[in-house]
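Some notes on the structure that comes next.
Protein chains: 4
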Amino acid sequence: MSSRATLLADKPPAARGIARDHASLIVHGADRPGIVAAVTAVLSGHGANIVSLDQYSDNPEGGAFFQRTVFSVPDLTLRLPEIEESLSERVAGGFGLDFALRDLSVPKRVAIFASKSDHCLLDLLWRQKHGELAVTIPMVISNHPDVAEEVRSFGVPFFYVPSAGPDKSAAEAEHLRLLAGNVDFVVLARYMQILSAEFIERAGVPIINIHHSFLPAFIGAGPYAKAKERGVKLVGATAHYVTEDLDEGPIIEQDVVRVSHGDTAADLQRRGADVERAVLSRAVRWHSEDRVIRHGKHTIVFA
Amino acid sequence: MSSRATLLADKPPAARGIARDHASLIVHGADRPGIVAAVTAVLSGHGANIVSLDQYSDNPEGGAFFQRTVFSVPDLTLRLPEIEESLSERVAGGFGLDFALRDLSVPKRVAIFASKSDHCLLDLLWRQKHGELAVTIPMVISNHPDVAEEVRSFGVPFFYVPSAGPDKSAAEAEHLRLLAGNVDFVVLARYMQILSAEFIERAGVPIINIHHSFLPAFIGAGPYAKAKERGVKLVGATAHYVTEDLDEGPIIEQDVVRVSHGDTAADLQRRGADVERAVLSRAVRWHSEDRVIRHGKHTIVFA
Amino acid sequence: MSSRATLLADKPPAARGIARDHASLIVHGADRPGIVAAVTAVLSGHGANIVSLDQYSDNPEGGAFFQRTVFSVPDLTLRLPEIEESLSERVAGGFGLDFALRDLSVPKRVAIFASKSDHCLLDLLWRQKHGELAVTIPMVISNHPDVAEEVRSFGVPFFYVPSAGPDKSAAEAEHLRLLAGNVDFVVLARYMQILSAEFIERAGVPIINIHHSFLPAFIGAGPYAKAKERGVKLVGATAHYVTEDLDEGPIIEQDVVRVSHGDTAADLQRRGADVERAVLSRAVRWHSEDRVIRHGKHTIVFA
Amino acid sequence: MSSRATLLADKPPAARGIARDHASLIVHGADRPGIVAAVTAVLSGHGANIVSLDQYSDNPEGGAFFQRTVFSVPDLTLRLPEIEESLSERVAGGFGLDFALRDLSVPKRVAIFASKSDHCLLDLLWRQKHGELAVTIPMVISNHPDVAEEVRSFGVPFFYVPSAGPDKSAAEAEHLRLLAGNVDFVVLARYMQILSAEFIERAGVPIINIHHSFLPAFIGAGPYAKAKERGVKLVGATAHYVTEDLDEGPIIEQDVVRVSHGDTAADLQRRGADVERAVLSRAVRWHSEDRVIRHGKHTIVFA
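Chains as they are written, first to last, in the UniProt record's numbering: chain A, 1 to 303; chain B, 1 to 303; chain C, 1 to 303; chain D, 1 to 303.
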C-alpha cells in the first residue's frame with residue numbers, strides 16, 4: 001500500500017495532471033485602465049503563451065481589480081526570475097499592484113488536521129492519491145489516534161497531538177513546531193477544536209475550515225441539531241478561511257442537500273457529511289490552483 | 001381576456017386535473033399501534049379505494065402520528081357525512097386523534113397579497129390559469145396599484161388597500177372585511193408589510209409567506225444586501241407559515257441557487273427572484289392539496 | 001398595459017441595466033502566442049478600460065482560440081470605427097483571426113416563434129419587460145392565434161401565420177418577409193414545427209430552439225412520453241442552435257429536474273415546462289450578451 | 001485495520017442503525033379496493049406497529065399496486081412465521097397478491113464486482129464500515145488485482161478472477177462458484193465486463209450496475225468521450241438493474257453534474273466519477289432496505 005503511494009508520488013508532475021512549464025500569476029489592487037494590457041504585454045514580451053485569463057473588477061469606477069492568468073513558457077524555471085523582475089517594474093511599480101507568481105509544477109504542501117470522523121479526510125487523501133488535487137500532504141495531525149492507520153495506509157505521516165482540557169497552548173505549540181517551514185496551507189477536515197488567534201497568526205499560512213452548515217445559518221456548535229430544531233428543508237456545508245472571528249471568515253464554497261421531515265438529526269448529519277466532503281474538496285482544489293483570492297471578508301473564486 | 005379566464009373557471013374540476021369523487025383525509029395526534037389499520041378499515045368499510053397513503057411518526061415510542069390519505073368513492077358528496085361520522089367514532093373517539101376530511105374537487109380559495117414586484121404573483125396567477133394549482137383566487141390585495149391591470153387581465157378581482165404610515169390598523173381592518181368568509185388561506189407574494197399579531201389571529205386562516213433568503217440565514221429586511229456583504233456562494237428563498245414571530249414560522253419549502261463574486265446585489269435579487277417564485281408555487285400547491293401538516297414549529301410535507 | 005410597456009422601452013439603456021459606452025468584442029481563430037496581449041494593447045491604445053475578459057483555447061498546441069472582452073470607452077459610438085480599424089489591422093491582419101465588435105447599448109432584436117403553449121413565451125416577454133433580457137422583441141409569430149392577446153398586452157406585435165398541412169413553403173415565405181432586416185436572431189419558444197433547411201439558410205440569423213429533453217436522450221417527438229416509458233428519474237430540457245440536422249445543433253444550455261415513478265407523463269410535462277423556460281431564458285440572455293460562440297458542433301459559453 | 005472492521009461487524013445491529021424487531025413487507029400485484037386495509041388489519045391483528053407505509057398504484061382503474069410497509073413487533077423472529085401465514089391467507093389468497101417479508105435486522109449480503117477504478121468500490125466499502133449501508137460484504141471480485149490491498153484493509157475478502165480474452169465462460173463459472181448461496185445481490189462497481197445472459201440467469205440474484213451516463217443518452221462504451229463530442233452541458237450516471245439487454249435494465253437512480261466547454265474528456269470523467277459513486281451508493285442503500293420494486297422495465301422507489 002505504502003509502496004503504491006510512493007511510486008505515485010515519484011511520477012513526474014505532468015503524469016499527475018500538473019502541466020510542466022506552466023505558471024499562475026495573480027494580480028490585484030486598485031483598478032485602473034490598462035492593467036490587463038500591461039500584464040499581458042509583459043508575458044508576451046517574454047515569449048509566454050496565455051493558457052487562461054480570468055479578470056474581475058468589483059467596481060469599474062475606483063474599485064478593486066483581480067486577475068488570474070495561467071501561462072506557459074519553455075524552460076519556465078529559468079525564466080521565472082526575469083518575468084518576476086519585469087512584473088515588479090511594470091505592474092507593481094507602474095500600477096502599484098500586488099502580484100504573486102508561482103510555478104504550477106510545484107504542488108502546494110498541505111497539513112490536514114482531523115479529529116475522529118474521517119469522511120472529509122479520506123476524500124482528500126483519496127483525491128490526492130488519484131491526482132485530482134495538485135498538492136502534497138506532508139502530514140496529518142489529529143487530537144485522536146483513531147484515523148492513524150488509515151492515514152498511514154496512504155503513505156502519509158500521521159502525528160497524534162492530544163488536545164484535551166481547556167488549555168490548548170501546549171498542543172498549539174506542538175502544531176507550530178510540526179508546521180514550521182513544512183506547509184503552504186492547512187486544512188481543518190472536521191477538526192473539532194477552536195484555534196486561538198495567536199496560533200492563526202503564528203502559523204502564517206492560510207487555514208481552510210469546513211463548517212457543517214450553510215453559513216451564516218446555524219453558526220457555532222451542533223448545526224445539525226439546530227437545523228432539525230428549526231425544521232429546515234435543506235442542510236449544507238461551508239468551506240471558509242479561518243480568521244479570529246469564529247465562523248466569520250471569507251467563504252470559499254458552499255453547497256446544500258435536500259432533507260425532509262422524516263430525516264432525524266442523525267440522518268441530517270449523514271447527508272450533510274456528503275456535502276461537507278464535496279465542498280471541502282472543491283475548496284482545497286481551488287486554493288491549491290491559486291483560484292481563490294481573499295479580499296477583505298470575501299473571496300474571488302475563478303473556478 | 002377575462003372571457004377566457006371565465007371559460008376556464010367554468011370547466012368542471014375533472015378537466016382541470018382535480019379528480020372527481022376524491023377526498024383527502026388528514027389524521028394526526030399521539031402515536032399508538034393500530035391507527036393505520038383502523039383508518040383504512042373505516043375507509044374500506046365504506047367502499048372507498050385508497051389512491052395514496054403517506055404516514056409518518058416522529059417517534060415510534062410515544063411520538064406524534066401523521067397520516068395523509070387520498071381515497072376515491074362513488075358519489076363522494078353523498079357519502080362524506082357518513083364517512084365523517086365513522087371517523088369521528090372510530091378514529092377521533094377510539095384513538096383520540098384529530099382528523100380533517102375534504103372533498104378534493106372543491107378547490108381551496110386563496111387571497112394573494114402583493115406589493116410592487118410581480119414575479120411571484122404572476123407565477124401563481126399563470127399556474128392557476130393553466131390548471132397547475134387546484135385553487136380559486138377570489139382576490140388579489142395590494143398596497144400599490146402597480147399590478148392592478150395585470151391581475152385583472154387574468155379575470156381576478158384586484159383591491160387596492162393603501163398601507164402607508166406606521167398605523168396599519170385601518171388597512172388591516174379593510175383586509176379583514178375583504179377576507180371574511182371568502183378565503184381558505186392567504187399567500188403573501190412578496191407583500192412588503194409586517195402583519196400584526198391581531199390580524200393574524202383574526203384572519204383565522206393559514207397565511208403563507210415567501211422570505212427571500214434561506215432562513216434562518218439573513219432574517220429580517222434586505223437579505224440580498226446582507227448576502228452580498230457576507231459573500232455567500234448560494235442565495236435562496238423560504239416559504240413558511242406566518243406566525244407572530246417574524247421569520248420564525250414553520251418552514252414549508254426552501255431552495256437555493258448558486259451565485260458568484262461577480263454577481264452584484266441586484267444580480268442576487270434577480271437570481272433569487274426565480275427561486276422565490278418556484279419555492280412559493282410549490283408551497284402553495286402542496287398546501288392546496290393538503291400535503292402540509294403543521295406541527296409546532298415544524299411542518300410535515302407529504303410532497 | 002401597452003402604455004406601461006412603451007414607457008419602459010423609452011427608458012435610456014442604462015436604466016435597464018445595459019451600460020452606456022460599453023462594447024463587446026469576440027475574437028476567435030487559430031491559437032498562437034500573443035493574441036491576448038495584442039488585443040488588449042489595441043484596446044488600451046484607444047483608452048478603453050477592460051471590464052471583463054474571458055479567454056479559452058481548446059488546445060494550447062495548435063487549437064482554436066476564443067476570447068470575449070467587454071470594455072468601456074468614453075464616446076463609444078464615435079470611437080468604434082477607429083477601434084474596429086485597429087483590430088482589423090492588428091488582430092485580423094496580424095494574427096488571421098475573426099473578430100466581432102458590438103455596442104452593448106444597442107439591444108439585439110429577436111423574433112419569437114410560438115405555438116399554443118405559452119410558458120416559454122411568457123417567461124421571455126416578462127423578463128424582457130423587467131429589464132432582465134437586453135433585447136427588443138419586434139414580433140411574435142405563431143401558427144395558432146391562442147397567445148395573441150397575451151403577447152399584445154406586453155406591447156409586442158403578434159403575427160398569425162397558419163402552417164397546417166405538409167407544405168410549409170407559403171408559411172415560411174411569410175416568415176421570411178416578416179423577419180427580413182428586422183431581427184438579429186430568432187427564438188423558437190416551443191414552436192412545434194420543423195423548419196426547412198432552406199428557411200434556416202435564408203433567414204440568415206441564428207435560431208435558438210428549446211428541446212424538451214436532455215439531449216441526446218429522447219431525440220424527436222414526444223420526449224416526455226418516451227421518458228415515462230423508459231422510467232428515467234430525471235427529465236430535462238436543452239436549448240440549442242438550429243441546424244439542418246434536427247435536434248443535433250450546438251447545445252447552449254441544459255438542465256434537469258428530478259421526477260419519480262409517481263409522476264405521470266402529464267406530470268413530467270408540467271415539471272419539464274419549468275425547466276424549459278429556465279433553460280431557454282438563460283440561453284437567450286447569454287446569446288443576447290454575446291456570451292455564446294459557436295464552434296463546429298459545440299458552443300463556448302462565457303456565462 | 002482488519003481488527004477494527006471485525007469489531008465493527010461484531011456490534012449488534014441496533015448499534016449500526018438497523019432497528020431490532022423491525023421487518024419490511026412488500027406487497028404488489030393487481031390493484032383492487034381494500035388492499036391497504038387488509039394488509040394493515042393483518043399486521044394490527046398480530047400486534048405490530050406500523051413505522052412507515054408507502055403505497056402506489058400506477059392506475060386506480062385496473063393498474064398495478066405496490067406497497068412497502070415497515071413495522072415493529074416484539075419478538076419479531078418468533079412472530080414472523082405466523083404473520084407470514086396470515087399474509088398468505090388474507091393477502092396472497094384473498095387478493096391474489098405477491099408479498100415478501102423480511103427481518104430488517106438481518107442485513108443483505110452483497111458481492112461487489114470491480115475492475116481497476118476504485119471510486120465506487122471505496123465509497124461502498126466506506127459507507128458499509130460506517131454503518132450507512134445495512135449490508136454485509138462477503139466478497140469483492142475483480143478481473144484485476146489492483147484493488148486487492150485496499151479491499152482487504154476493510155476486512156473484506158478479495159477474489160481475483162482474470163477475465164481476459166473473448167471467452168468469459170471460465171471466469172463466469174468461477175464467479176458462480178463464489179456467489180452460490182453466499183449473496184443476496186451483486187453490485188457492479190464499474191466492472192468493465194459485459195455479463196452473459198446465462199450468467200445473469202444462473203446467478204439468480206438481482207444485479208445492480210452503474211452506467212457512466214444519464215441513460216438513455218450515450219448508451220454503450222465511452223460515454224464521456226461521446227458527451228465531449230456532443231458538447232453537452234451536463235454529465236451524469238445511472239444505476240440500474242442488469243438485464244439481458246445491455247444498458248436497458250430498469251433504472252433505480254440517476255443524477256447529473258454541470259460541465260462546461262472548458263472541461264476536457266478527462267475532466268468529464270473526473271466530475272462524472274463523483275456522480276457515479278453518489279448514485280450507486282443511493283441505489284445500493286435503497287435496494288438493501290427493500291425500497292425498490294421492479295415492475296417490467298421500471299422501478300418503484302420508495303426513497
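Ideal Cβ positions, reconstructed from N, Cα and C, are used throughout, including at glycine.
The model shown is predicted, which means the values in this text are computed figures rather than measured ones.
For residue i, the residue or residues it bridges with in DSSP
i                 : result
Glu253 of chain B : B:Ala239
Thr136 of chain A : A:Arg109
Gln128 of chain B : Paired residue(s): none; Gln128 of chain B is not in a bridge.
Phe66 of chain C  : C:His28 and C:Tyr56
Ile50 of chain B  : B:Phe71
Ala23 of chain D  : D:Phe71 and D:Asp103
Ile141 of chain A : A:Phe113 and A:Phe159
Leu234 of chain A : A:Arg258
Where the alpha helix (DSSP H) containing residue i begins and where it ends
i                 : result
Arg230 of chain D : Pro223 to Arg230
Gly93 of chain D  : It is not in any alpha helix (DSSP H) - Gly93 of chain D carries neither H nor E in the DSSP assignment.
Phe302 of chain B : Element bounds for Phe302 of chain B: n/a, residue is neither H nor E.
Ser41 of chain A  : Contrary to the premise, residue 41 of chain A reads as Ala rather than Ser in this sequence. Where Ala41 of chain A is concerned, the enclosing alpha helix (DSSP H) stretches over Ile35 to Gly45.
Ser88 of chain A  : From DSSP, Ser88 of chain A is part of no alpha helix (DSSP H); its letter is neither H nor E.
Exposed unless 16 or more other CB atoms sit within 10 angstroms - verdict on residue i
i                 : result
Ser260 of chain D : exposed
Ile293 of chain B : buried
Gly296 of chain D : exposed
Gln128 of chain D : buried
Ala14 of chain A  : With a pLDDT of only 38 at Ala14 of chain A, under the threshold of 50, the placement of this residue in the model should not be trusted; the figure read from the coordinates follows. Ala14 of chain A comes out exposed.
Glu201 of chain B : exposed
Phe65 of chain B  : buried
Asp31 of chain D  : buried
Ile207 of chain B : buried
Ala303 of chain A : exposed
Gly62 of chain D  : exposed
Pro216 of chain A : buried
Gly34 of chain C  : buried
Ala197 of chain A : exposed
Ser3 of chain A   : Only weak support exists for where Ser3 of chain A lies, its pLDDT of 35 falling under 50; the value from the coordinates is given anyway. Result: exposed.
First and last residue of the uninterrupted beta strand (DSSP E) at residue i
i                 : result
Arg271 of chain A : That residue, Arg271 of chain A, is in no beta strand (DSSP E); its alpha helix (DSSP H) goes Ala265 to Ser288.
Leu101 of chain B : Asp98 to Asp103
Arg294 of chain C : Val292 to His295
Length of the line joining the Cα atoms of residue i and residue j
i                 : j                 : result
Phe218 of chain B : Lys233 of chain A : 16 Å
Met1 of chain A   : Gly155 of chain A : Residue confidence for Met1 of chain A is low, a pLDDT of 29 falling below 50, so the modelled location carries little weight and cannot support an answer.
Pro145 of chain D : Tyr160 of chain D : 6 Å
His89 of chain D  : Ile50 of chain D  : A small correction: the amino acid at residue 89 of chain D is Glu; His does not occupy that position in the sequence shown. One C-alpha to the other measures close to 20 Å.
His212 of chain A : Pro60 of chain C  : 40 Å
Thr299 of chain D : Glu253 of chain D : 9 Å
Gly220 of chain D : Gln269 of chain D : 15 Å
Val91 of chain D  : Ala41 of chain B  : 15 Å
Thr264 of chain C : Lys228 of chain C : 7 Å
Leu178 of chain B : Ala171 of chain B : 11 Å
Ala23 of chain A  : Ser86 of chain C  : 31 Å
Ile83 of chain C  : Ser44 of chain A  : 21 Å
Val205 of chain B : Arg190 of chain C : 40 Å
Alpha helix (DSSP H) segments (min. 4 residues) lying fully within the segment 150-211 of chain A: Runs of the alpha helix (DSSP H) inside the segment 150-211 of chain A: 169-179 and 197-203.
Where the segment 116-145 of chain D meets chain E: residues whose CB sits under 7 Å from a CB there: The question asks about chain E, but that chain is absent: this structure's protein chains are A, B, C and D.
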